[in-house]
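Residue numbers (UniProt numbering): 1 to 641.
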């Protein structure tokens, strides 16, 4: 290493937040500081004579930082040539140490790993120079990635299956069932396009928030670099857009950390849509930040431009706005609408019916008949015959929102407005994520390890805004988490009627113990409706290299050499690995952390899961039943004998 690079490393080491737990520089943090022209970095560089001469120009007595030259230096292979980089270059894991190619990059995995297992962090807690590693799929692998994937392990859960404690056999897929799919959500989105392109009414997602907090206990690995997080979201939003109907809507839950960046990204992808930001007070107790105590998060509603599609929100009894049913003002008299002059019948303070339309030549007054029934006409206090606001036919449809109010020895009839426009700030206590999220989930799934579920009613009201008037709506959530979206969909059917269906996708290991258990309990509750919208199909995207990665992440250090030998002859080994590269003598000199990372990077990203076109190969071990149901799901013809 040249003396300049040595001096640069020593100088940068004086900034503690550029170092990992082992005291080594983290290249990505150095690059971020330089790109953002952070004053502390510039001060360190300018304070060293050699570094000042190398990276600054004196322009009229002012030092100007040469950001381009500095970035060229810190991205050189000779700068921070750690053991992983050196070994990776040697065996062909990286291409000449070049930065990732710009263009059609797809972030497949969350850095470094897709999930946090029950009990805390997984094997990443061993440490390393990069705890979270971005997995980038090169353009020549994208086509294979986007092909539909084989699906295995089909289970059908309905009320009978839940009562029996075991799933029913899946013999057919009608297309009317609810779906819960375990697997990488990007691959699932591309697979779903084969059956559900242009069919989804509403997408609701609650993605990882990218808070940047190392102590954040959120059950996703959400410490992304912003660029990686945005790429991660971009891939999934682009894929999900193809599933929406022309009048479908997207709703994204997000906090303040990425709100503005996400909004800009959404506007770029969803041209021809309007983006509305809703504030939801989900934690009235607040979480203390540097300056403020945060009590709220946000929901972005992405709606087709110019479309009026937000349904009015039901009011509580206390919020109902009551007004006279009798019309007033211009064109409110009897002769303006003859079908709107008739008696409303009241007995014992309750409306019991309506009478016949009064003939034009009759001019009655309110009276009480022999049965004690009050006949109330739309006549004002000045004895002017006016009209009701609804015809005799229409009044029968709103009987549940009119009431009699005692007025002397007679009654006035009032109509209540029991809904209201959806406001942009939601403050009701039902949105409290502790009481109606965490505690509710714990009651339903006592052994859950999921930490921060949304309030059921936050998700319910989001879905209600779009699908209350769509009784057969299809709802998608590809960050399913604890299954709140599925729960809210079933609750909406229960309250409003209809057979709305949901598709949930979740790649975390808690999917069986939390997501599936919650949805099973909700779907098995007593309900009059007994069609397929009350049934759930559970299945998993068939894995190939992903199974190896799971075993690698769970393996003890002593097992790494054996896993290396297994990978050397595996069909999912990256094709660009040099022959015999993994068995190089240099392997023995690597630390367990670098060995583990090397093996994970050597798995071909486009071979993590089994493509439909490959599923008949016996090496994948898919049963005939799984292959048949996969073909049924994708509406494919039966395999030739």
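Here a beta-carbon is modelled for each residue, glycine too, at the ideal position from N, C-alpha and C.
For residue 245, the enclosing beta strand (DSSP E) starts and ends at 244-254. Assigned with DSSP and collapsed to three states, residue 66 falls in coil, not helix or strand. By the criterion of a C-beta distance shorter than 6 Å, residue 237 is surrounded in its chain by 269, once the five residues flanking it on both sides are discounted. Taking all protein chains shown into account, residue 277 has fewer than 16 neighbouring C-beta atoms within 10 Å of its C-beta and is therefore exposed. Annotated as distal: residue 417 and residue 553, with beta-carbon spacing of 7 Å or more. The beta-bridge partner set that DSSP reports for residue 178 consists of 536. Ranked by Cα distance from residue 206, the first of 326, 361, 301 and 158 is 301.
The way I'd put it, the stretch 613-622 doesn't touch the stretch 187-194; fewer than three beta-carbon pairs between them come closer than 8 Å.
By the C-beta density criterion, residue 61 is exposed, having fewer than 16 other C-beta atoms within 10 angstroms.
Under the 8 Å Cβ criterion, the stretch 162-174 does not count as touching the stretch 597-612, having fewer than three qualifying pairs. Judged by their CB atoms, residue 540 and residue 152 are nearer to each other than the 7 Å cut-off. Under the DSSP definition of a beta bridge, residue 279 partners with 298 and 425. Within the stretch 303-333, complete beta strand (DSSP E) segments of at least 3 residues are found at 321-324, given in chain order. Excluding five sequence positions before and after residue 379, the CB atoms of its chain that fall closer than 6 Å to its own CB belong to 385, given in chain order. Closest in alpha carbon position to residue 424, among 355, 336, 504 and 298, is 298.
The straight-line gap separating the alpha-carbon atoms of residue 294 and residue 283 is approximately 8 Å.
An exposed status is given to residue 420, since fewer than 16 other beta-carbon atoms sit within 10 Å of its beta-carbon. For residue 478, the secondary structure class from DSSP, reduced to helix, strand or coil, is coil. Counting C-beta atoms within 10 angstroms of its own C-beta, residue 452 has 16 or more neighbours from the protein chains shown and is therefore classed as buried. Within the same chain, Cβ atoms closer than 6 Å to the Cβ of residue 155 are found at 167 and 538, the five residues on either side in sequence being excluded. Cβ-Cβ separation between residue 504 and residue 483: approximately 6 Å, consistent with a contact (criterion under 8 Å).
Boundaries for residue 377: no alpha helix (DSSP H) harbours it, and the DSSP string shows neither H nor E there. In the three-state DSSP reduction, residue 494 falls in the helix class (H, G or I). With fewer than 16 other Cβ atoms from the protein chains shown falling within 10 Å of its own Cβ, residue 260 counts as exposed.
Judged by beta-carbon spacing, residue 605 lies beyond the 7 Å limit of residue 150, meaning their Cβ atoms are not closer than that value. The three-state secondary structure of residue 350, taken from DSSP, is strand. Here residue 46 is not near residue 67, since their CB atoms are 7 Å or more apart. Residue 431 has no beta-bridge partner at all, per DSSP. Judged by pairs of C-beta atoms under 8 Å, the stretch 158-165 touches the stretch 515-525, as three or more such pairs exist. The alpha-carbon separation between residue 535 and residue 627 amounts to approximately 22 Å.
Take residue 568, set aside five residues on each side of it, and the residues of its chain with a beta-carbon closer than 7 Å to its own are 582 and 583, in chain order.
Minimum Cα-Cα distance from residue 368 among the listed residues 388, 381, 357 and 344 corresponds to 344. Counting along the chain, the unbroken alpha helix (DSSP H) around residue 630 starts and ends at 624-633. If you ignore the 5 residues before and after residue 447, its C-beta comes within less than 7 Å of the C-beta of 513, all in its own chain and listed in chain order. When 348, 443 and 475 are compared, the shortest CA-CA separation from residue 180 is found for 475.
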